[in-house]
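Student: Okay, here's the structure, questions in a sec.
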Amino acid sequence: VTVRISEIFRSLQGEGSHVGLPCTFVRLAGCPLRCSWCDTAYALSASSGNRMPVADVVDRARALGLDFVLVTGGEPLVQPETPALLQALLDAGAGTLALETSGAYPTDGLPAAVHRILDWKCPGSGEDGRNLAENLHSLRPTDEVKFVVASRADFDWALAEIRSRDLESRCALLLSPVVSIPEGAPGGPTQSTVSATELASWMLESGVRARLQVQLHRLLWPDRERGV
Ligand code: SF4
Numbered sequence: 005v006t007v008r009i010s011e012i013f014r015s016l017q018g019e020g021s022h023v024g025l026p027c028t029f030v031r032l033a034g035c036p037l038r039c040s041w042c043d044t045a046y047a048l049s050a051s052s053g054n055r056m057p058v059a060d061v062v063d064r065a066r067a068l069g070l071d072f073v074l075v076t077g078g079e080p081l082v083q084p085e086t087p088a089l090l091q092a093l094l095d096a097g098a099g100t101l102a103l104e105t106s107g108a109y110p111t112d113g114l115p116a117a118v119h120r121i122l123d124w125k126c127p128g129s130g131e132d133g134r135n136l137a138e139n140l141h142s143l144r145p146t147d148e149v150k151f152v153v154a155s156r157a158d159f160d161w162a163l164a165e166i167r168s169r170d171l172e173s174r175c176a177l178l179l180s181p182v183v184s185i186p187e188g189a190p191g192g193p194t195q196s197t198v199s200a201t202e203l204a205s206w207m208l209e210s211g212v213r214a215r216l217q218v219q220l221h222r223l224l225w226p227d228r229e230r231g232v
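This is the structure:
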């Protein structure tokens with residue numbers, strides 16, 4: 005079994021409930037979505053990256069550290085072999101194994117030990133029509149739902165999703181501002197941005213039980229596009 009890999013590297017987890025922890029990143033290549041603020045434009049093409057046997061991916065991850073592994077993309081679940089990769093990482097002894105996905109593909113068939121991080125698309129991404137509602141039905145306390153907020157309208161939309169689906173009591177929630185649009189992002193420089201300070205004040209006003217996140221890796225390595 006092979007998977008198409010964009011990059012495998014060790015860095016600090018820049019987002020989510022495990023932010024700041026050293027982590028082995030396995031970035032799969034290919035994503036059919038085109039979020040306006042996407043920060044991994046280099047991994048979007050289905051022909052980017054290289055095919056690697058799952059066993060070789062596991063070996064590389066083992067060499068970097070299996071204590072905490074994040075499988076990300078691109079959109080990892082566009083490759084039908086990704087569940088086999090996740091299982092192989094668990095079989096190899098991965099401690100915490102997380103999967104970051106757009107939420108546009110079914111997540112219910114994945115190994116139960118996988119921490120699912122759903123990047124639930126707000127309208128400002130241009131891809132909210134791809135959210136697969138059934139992915140919110142099977143959330144576990146170890147899962148996370150992230151909302152990337154590009155405007156006040158996005159924040160209001162996210163709040164309505166959170167409250168109408170009772171997400172605050174079901175898993176960790178993350179709100180992340182689009183503070184800058186990366187070069188090469190599908191939306192380009194015309195896309196609006198929100199400061200972390202603005203988002204913080206909206207969160208406090210609303211009383212939402214969610215965590216504000218800023219992308220730690222962008223603060224630590226602002227000039228590096230890959231490998232962080
Ligand atoms: S941010 Fe959107 S376009 Fe970019 S990899 Fe994730 S799902 Fe694909």
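Per this note's numbering: the sequence shown = residues 5 to 232. Using N, Cα and C, we set each Cβ at its ideal position, and we do this for glycine too.
(1) Mind reading off the beta-carbon distance from Gln91 to Gly34? Whole number of angstroms is fine, and I expect it under 8 angstroms.
(2) So which of Phe72, Pro80 and Ala65 has the shortest CA-CA distance to Ala47?
(3) Using a 10 Å radius around the Cβ and a threshold of 16 neighbouring Cβ atoms, would you call Ser40 buried or exposed?
(4) Using the beta-carbon count (16 or more within 10 Å), is Ala117 buried or exposed?
(5) Under 8 angstroms, with one C-beta from each stretch per pair, do the segment 199-208 and the segment 6-17 reach the 3-pair mark?
(6) What's the call for Leu223, buried or exposed, on a 16-neighbour Cβ count within 10 Å?
(7) Please find out if some non-hydrogen atom of ligand 1 comes closer than 7 angstroms to the beta-carbon of Glu79.
(8) Is Ala176 closer than 8 angstroms to Ser52 when the C-beta atoms are compared?
(9) In terms of residue numbering, what span does the beta strand (DSSP E) encompassing Glu240 cover?
Tutor: Let's see:
(1) Residue numbering aside, residue 91 sits at position 87 when the sequence shown is read from its first letter. Residue numbering aside, residue 34 sits at position 30 when the sequence shown is read from its first letter. Actually they do not touch by this definition, with Cβ atoms about 20 angstroms apart.
(2) Translated into positions along the sequence shown, residue 47 becomes position 43. Checked all of Phe72, Pro80 and Ala65; the closest Cα to Ala47 is Pro80.
(3) Residue mapping note: residue 40 aligns to position 36 of the sequence shown, counting from 1. Ser40 should be labelled buried.
(4) Looking up residue 117 in the sequence shown gives position 113. It counts as exposed.
(5) no
(6) Stepping through the sequence shown from its first residue, residue 223 is reached at position 219. Classification for Leu223: exposed.
(7) Within the sequence shown, the letter at position 75 stands for residue 79. Because some heavy atom of ligand 1 lies under 7 angstroms away, the Cβ of Glu79 counts as near it: yes.
(8) Locating residue 52 in the sequence shown gives position 48, where the first residue counts as 1. Locating residue 176 in the sequence shown gives position 172, where the first residue counts as 1. No, the Cβ-Cβ distance between Ser52 and Ala176 is not below 8 angstroms.
(9) A question about residue 240 goes unanswered here, because the residues of the chain that appear run from 5 up to 232.
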